[in-house]
Each structure stands twice: as C-alpha cells, then as structure tokens.
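Inspection log for the structure reproduced underneath, given as structure tokens.
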Amino acid sequence: MKHALVAALTLLLAPILTADVVRVEVDGVIHPIADEYVGRAIDAAAAQKADAVVLVMRTPGGLESSMRGIIEKIIESPVPVLVWVGPSGSRAASAGFFILEAGDVAAMAPGTNTGAAHPVTLGGEKMDEVMKMKIQNDAAAFMRTIAQRRGRNVAVAESGVRQAKSFTEEEALRLKLIDVIAADVPSLLKWADGRTIKRFDGKPHVLHLTNKRVVDYKMTLKQKVLAWIMDPNVAFILLVLGALALYAEFNHPGAILPGVVGLIAILLAAFALNLLPTSFAAFALILAAFGLFAAEAKFTSYGVLGTGGAICMILGAMMLVDGPIPELRVKLITAIAVSIPIAVIAVFLMTLVLRATKHRVSTGVEGMIGEIGVARTMLAPDGKVFVHGELWNARAKGDVAEGARVRVREVDGLRVIVEAAD
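Here the numbering used here is used: the first residue of the sequence shown is 395, the next is one more, and so on.
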C-alpha cells in the first residue's frame, strides 16, 4: 500500500518535476501574498532547472514594498523570467509597469496597456512639495536603473513614472519599452526561442524554448485563502463581524460558537490589516460606532445616536486601509452595505441585554425577595409562613398574627426574614 501511494504521488508530481517552462499568474493587486507566490514559483523553477519562468500579469498595481520584492526575485533568479501582460484586455499599471520592465523579456498581448506608474501616497492625501519630490525621484531612479539594465528606453520609461503616462502595446513596442507583442504564451515562447538575451548582470543567455513542457505553478490553498483575506473589503467585513460575534459571546457566556467564530474572524482580519497600510484612526471610529450603538440602546435619542454610529462605521471603513490605488481601499458600497445592518443588529442586541438587566429576578433565592406570603403560625418572632408555593421557617421583625400577610425581606439559608405586609 505504501509503495502504491509513493508511485501515485510520483506520477502526480512528474509534470512539475520535468517542467521546462514554469508559468505563474498574478491576477489582481500586488501585495505580500503575490510577492511570496512569485518568489516560490521562481525558486521551484530554479530547483528543477527549468529553462524559463513566464510571469503572466494583469494588475492595477499595488504596494511598493511587494513590487520591489517581486522585482528583486526576478533580478536574482538564475532562471530567465519572461513577463507577459495578457490576455487581451488586461493591463499592467503602476507597480505592474515596474515589474514588466524588470523582466528578462517584456511582452504584451494585443489590446493591453501599461504605465501610469506615478507614485501615490497612501490614501492619496496631499503631500508637501519636498516629500513629493523625494518620493517621485526615488521611484524615477528605480525605473531608470531597471530600464537601463534591460536595454530599454530609459527616458520613456521614466515618463511613465514622473508624468504618469500610459502606453498601449503598440506604443510600448515602438518606444522600446517591451520586446514583443504576443497573442498568448505559446506565441511568446516561439518568438523567444533561439534569441540571446542579456541578464541583469550583463551576461548573455540563449533561450531554448521550442517544444518545451509548460506547467502552471498554482497557489497553495493557504495562499489562496490569504490572498482572499488581503482584499480590504473582506478584511473589514471580518473585523466588524468578529467584533459583533465577540460582543454576543460576552453577553451570553457559554454560547461558545459566537466566541469561537468571532475570535477567528478578528485574527484573520488582524493578519490582513497588519500587512496592509492601515489607519489607526479608523479603528477609533469603528470603536466609537459600537459605543454609539450601545448609547442608542440605553437612551432615547430617536435614532440619532444609532445613525451617528452608522456614520462613524462607514467613515472608519473608508479610512481603514490607505491604499495607493482604489483596489486597495474599502469600497463605499461595502462600507454602507455592512455598516447599516451591523448598526441595526448591534442596537437590537444591546437593547435586549439592557432590558434583561432591568427585569427583577424571578427565580432562585433572589426571586423570593419581595414575595407576599401568609403566616401559618403566630410569628413571635419565629414561626411558619407559606410563600412562593412552599412552607418556610420564618422570623419576623416584630410579632405577626397567624393568617396575616407578610413580605419576604431576606433569605437566610433555609429561613426567610419577613415583615408584616401593609
């Protein structure tokens, strides 16, 4: 049985172990998970001595730190990396433009575009001129060194940074920003076969890519889940749902399920927000929102406090992730669609809790306090009373005649302390 499993596993892994070209796809925002994914794909290609890595890319951009991480891995890769923007209709904007220019071979499909790489501050807020110049000069210098090393048009590449210019695939080829327009990956490999490229270190390398096996390097389940969580909209939803679930657990100890679900949701949100550019002021607004929900349940404000809480939560959501591109921020529709229902649910739950705390206890020892009973014997001061459907030993504060009504003032073990009821 053991040998059969090993043989089956070997057959499953055979295409990967014998791959000549490793295809890795980045579809979406450039973030730490994308950085890790591309890095592992390049490492896998190097380990199996593949002839090339094809990085298929369609991205609106992303975080500069993750972009630089990917570029560093491409530059250091012992295996040539061919970057292809495709299929048709795709783009490699902002951070994607830098990655495209960093490839050993830069290619685009028909009907694609690239560029628009002007640095944007987190959240898009206005900077002072000195800081703006420093960030812009840093990004422009990084682009110049990449384009120069790859033998591409340095001046035009820099204009994509300083002036945020965008280029169609035809313009990019004519201006020597890319090497070829290829309709698909097989066309790219066919064009590249037999060509001599210059690696980043200046050494020439001849590509041999005819009839090579192309194998996709897929994200692991962990990477897929983490990449999904890295969406700011998902992280915000997990954060507020986790907070609501934990609140429900605190007010209903022993329910267990809300506590477990809430803790997991909060931890997942914390993971994503730790890697994303997060604003701590947003946390204060979200916390203030829950405070206003509690106040709405306690005081009669005719919805003013609850509405204020919903507004605080919406503003907190919009400010939660200060991404440099819209795809790295919480959408307004998400903020509204989540905040309003959460406000209604939170106020409802808090109202139930506050009402429950105002009700007099009607069970157990505490439920006896204030009950009216009847003296079954003369209380002078000890005797018997019938109260709460039971016959109790009693001690009265003053003499009470048999048959008189009494009120329970205290419970002392198996004896009640009573007084004459008016």
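From the three backbone atoms N, C-alpha and C, an ideal C-beta is built for every residue, glycine too.
Because the structure is a prediction, the values reported are computed rather than measured.
Would you mind stating whether residue i and residue j have Cβ atoms separated by less than 8 Å?
i: Leu-571; j: Ala-551; result: yes
i: Arg-607; j: Val-415; result: yes
i: Val-447; j: Val-418; result: yes
i: Ile-623; j: Leu-662; result: yes
i: Val-715; j: Pro-652; result: no
i: Arg-801; j: Glu-813; result: yes
i: Val-499; j: Pro-454; result: no
i: Leu-633; j: Ile-660; result: yes
i: Gly-480; j: Asp-578; result: yes
i: Leu-567; j: Ile-575; result: yes
i: His-602; j: Ile-591; result: no
i: Leu-569; j: Asn-605; result: no
i: Gly-596; j: Pro-671; result: no
i: Ala-675; j: Met-712; result: no
Please classify residue i as buried or exposed, where buried requires at least 16 other C-beta atoms within 10 Å of its C-beta.
i: Asn-668; result: exposed
i: Trp-478; result: buried
i: Val-698; result: exposed
i: Met-527; result: exposed
i: Phe-644; result: exposed
i: Glu-430; result: buried
i: Thr-614; result: exposed
i: His-397; result: Below a pLDDT of 50, predicted positions are generally treated as unreliable, and His-397, at 45, falls in that range; no measurement from the model is reported.
i: Gly-807; result: exposed
i: Thr-508; result: buried
i: Pro-474; result: buried
i: Val-654; result: exposed
i: Glu-458; result: buried
i: Phe-630; result: buried
i: Gly-518; result: Unreliable positioning characterises Gly-518 in this predicted model, as indicated by a pLDDT of 44, which lies under 50. A coordinate reading is not provided.
i: Pro-580; result: exposed
i: Ala-445; result: The residue asked about is misnamed: residue 445 is Asp in this sequence, not Ala. Counting Cβ neighbours within 10 Å, Asp-445 comes out buried, since at least 16 surround it.
i: Ser-460; result: buried
i: Gly-777; result: buried
i: Tyr-696; result: exposed
i: Phe-832; result: With the chain represented from 395 up to 816, any question about residue 832 goes unanswered, as that position is not in the structure.
On a Cα-Cα basis, can you pick out the residue from the options that is closest to residue i?
i: Thr-562; options: Ala-731, Thr-453 and Arg-485; result: Arg-485
i: Ala-553; options: Lys-528, Pro-513 and Val-524; result: The sequence as given places Ser at residue 553; Ala does not occur at that position. Closest option to Ser-553, Cα to Cα, is Pro-513.
i: Thr-745; options: Lys-791, Gln-617, Leu-686 and Lys-584; result: Leu-686
i: Ile-736; options: Tyr-641, Asp-421 and Asn-507; result: Tyr-641
i: Arg-452; options: Val-768, Lys-467 and Met-502; result: Met-502
i: Val-738; options: Pro-481, Ala-691, Glu-470 and Ile-660; result: Ala-691
i: Ala-689; options: Ile-730, Ala-740 and Ala-439; result: Ala-740
i: Arg-593; options: Gly-497, Ile-660 and Leu-603; result: Gly-497
i: Gly-463; options: Ala-428, Ala-666 and Thr-506; result: Ala-428
i: Ile-493; options: Ile-465, Ala-438 and Ala-675; result: Ile-465
i: Gln-542; options: Val-579, Glu-721, Glu-495 and Leu-726; result: Glu-495
i: Lys-467; options: Gly-456, Ala-440 and Ala-487; result: Ala-440
i: Gln-617; options: Asp-776, Val-805 and Val-432; result: Val-432
i: Met-707; options: Glu-721, Ile-650 and Phe-677; result: Phe-677
i: Ile-734; options: Gly-700, Ala-649 and Met-713; result: Gly-700
i: Leu-449; options: Gln-442, Ser-471 and Lys-443; result: Ser-471
i: Ile-727; options: Pro-671, Asp-445 and Val-628; result: Val-628
i: Met-762; options: Thr-539, Ala-487 and Glu-784; result: Glu-784
i: Glu-564; options: Phe-491, Val-781 and Gly-505; result: Gly-505
i: Val-609; options: Gln-442, Arg-803, Pro-426 and His-425; result: Gln-442
i: Gly-764; options: Arg-803, Val-732, His-425 and Leu-743; result: Arg-803
Would you list the one or two residues that DSSP bridges to residue i?
i: Leu-785; result: Phe-780
i: Ile-811; result: Arg-789 and Glu-804
i: Arg-452; result: Asp-421
i: Lys-592; result: Pro-598
i: Met-744; result: Per DSSP, none; premise fails for Met-744.
i: Arg-485; result: Asn-507
i: Asp-429; result: None; Asp-429 has no bridge partner.
i: Trp-585; result: Trp-585 pairs with nothing; no bridge assigned.
i: Thr-694; result: None, per the DSSP bridge assignment.
i: Gly-717; result: Gly-717 is not bridged to any residue.
i: Ser-560; result: Gly-509
i: Ile-493; result: For Ile-493, which the question treats as bridged, DSSP gives no partner whatsoever.
i: Ile-575; result: Met-502
i: Arg-723; result: Answer by DSSP bridge pairing: none, since Arg-723 is not bridged.
i: Gly-767; result: Val-800
i: Leu-476; result: Val-448 and Val-499
Compare the C-beta of residue i with all C-beta atoms of chain B and state if any pair is closer than 8 Å.
i: Gln-442; result: Given the protein chain composition of this structure (a single chain), no chain B is represented.
Compute the beta-carbon to beta-carbon distance between residue i and residue j, rounded to the nearest angstrom, for a pair I have assumed lies under 8 Å.
i: Val-779; j: Trp-786; result: 5 Å
i: Glu-796; j: Ala-774; result: Actually they are not in contact, since the Cβ atoms of Glu-796 and Ala-774 sit about 10 Å apart, beyond 8 Å.
i: Val-555; j: Ala-511; result: 5 Å
i: Gly-710; j: Ile-680; result: 4 Å
i: Leu-635; j: Gly-456; result: Actually they do not touch by this definition, with Cβ atoms about 26 Å apart.
i: Val-810; j: Ala-788; result: 5 Å
i: Ala-683; j: Gly-656; result: The pair is not a contact, with the Cβ atoms about 17 Å apart (cut-off 8 Å).
i: Gly-767; j: Val-781; result: 3 Å
i: Tyr-611; j: Ala-435; result: 4 Å
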